[in-house]
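Below is one structure, written out as structure tokens; the observations come after it.
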Amino acid sequence: MKAALSVSLSALMLTACVYVPAEYTAGPVHGDPKKIVERIMYEQPESKRPQYVEVHDDYLEFGEGSPPDLPICGSVAAAMFTGGISCLVHHGQDINKKDVTRLYYRTMVEAKLLDRTSLKGHWYIVEPRTAQGRKLADVYVADRKDAENFIDALMALHAAVPATE
Numbered sequence: 005m006k007a008a009l010s011v012s013l014s015a016l017m018l019t020a021c022v023y024v025p026a027e028y029t030a031g032p033v034h035g036d037p038k039k040i041v042e043r044i045m046y047e048q049p050e051s052k053r054p055q056y057v058e059v060h061d062d063y064l065e066f067g068e069g070s071p072p073d074l075p076i077c078g079s080v081a082a083a084m085f086t087g088g089i090s091c092l093v094h095h096g097q098d099i100n101k102k103d104v105t106r107l108y109y110r111t112m113v114e115a116k117l118l119d120r121t122s123l124k125g126h127w128y129i130v131e132p133r134t135a136q137g138r139k140l141a142d143v144y145v146a147d148r149k150d151a152e153n154f155i156d157a158l159m160a161l162h163a164a165v166p167a168t169e
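In the numbering used here, the protein residues as written are 5 to 169.
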């Protein structure tokens, strides 16, 4: 019984990952914050990477599916790129966004940085949070400097949003 419990606990420890808070205070952004946010979002691991990212003045939108303003122009389910013009073609059914996350900069007041290590690899996770501490998203970043730049960019976008009317 004791040996079985020991083996079970060992197996559990092998599959577990460790999340350690990494201290970081946002600083000035170096470069265009919108471009930094978009790049980092697309550089996430394949299982976490959104199909599209749109960085606006007052929010970040990302998710699975198609961007809302992609024109429809054909008859098969695929995305086509012709002559520099992109369009979405379909089988006659409406193509909608699904699994969309919209992160409003006004609601986000901080971003926590976590250092995650597991058997699958090492990542930094940025968690934008509300004033109440609610996590708005998980963004996986391979490099600590990129994670810090991402936080700086998010905080710059937050600071640029005009005060509530």
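Ideal placement from N, C-alpha and C gives every residue a C-beta, glycine not left out.
Here the structure is a predicted model, which is why all the values come from computation and not from measurement.
Give the range of the beta strand (DSSP E) segment to which residue i is assigned.
| i | result |
| --- | --- |
| R43 | Counting along the chain, R43 falls outside any beta strand (DSSP E), though it belongs to the alpha helix (DSSP H) covering 37 to 46. |
| E58 | 56 to 59 |
| V22 | 22 to 25 |
| V145 | 143 to 145 |
May I ask you to list the residues that DSSP assigns as paired with residue i?
| i | result |
| --- | --- |
| A115 | P132 |
| Y108 | Y63 |
| T121 | V22, H126 |
Measure the Cβ-Cβ separation of residue i and residue j and say whether it is below 8 angstroms.
| i | j | result |
| --- | --- | --- |
| A26 | D142 | no |
| D156 | P32 | yes |
| Y109 | L161 | yes |
| D62 | V130 | no |
| C21 | T121 | yes |
Please work out which residues of its chain come closer than 7 angstroms, Cβ to Cβ, to residue i, disregarding the five sequence neighbours upstream and downstream, and give them in chain order.
| i | result |
| --- | --- |
| V59 | K38, V41, E42 |
| I44 | V143, V145, D150, F154 |
| G87 | No answer about G87 holds up, because its pLDDT of 43 lies below 50 and its placement is not dependable. |
| L107 | Y63, L64, P132, L140, A141 |
Which whole-angstrom value is the C-beta distance of residue i and residue j, which I expect to be below 8 angstroms?
| i | j | result |
| --- | --- | --- |
| P54 | F66 | 4 angstroms |
| P132 | L140 | 5 angstroms |
| Y28 | L117 | 5 angstroms |
| E68 | D103 | 4 angstroms |
In terms of residues, what are the limits of the alpha helix (DSSP H) holding residue i?
| i | result |
| --- | --- |
| L64 | Taken as a continuous stretch (DSSP letters only), L64 belongs to no alpha helix (DSSP H), being part of the beta strand (DSSP E) at 63 to 68. |
| L158 | 148 to 164 |
Skipping 5 residues on each side, what residues in its chain have a beta carbon closer than 6 angstroms to that of residue i?
| i | result |
| --- | --- |
| T134 | T111 |
| A30 | I155, D156, M159 |
| V113 | A135 |
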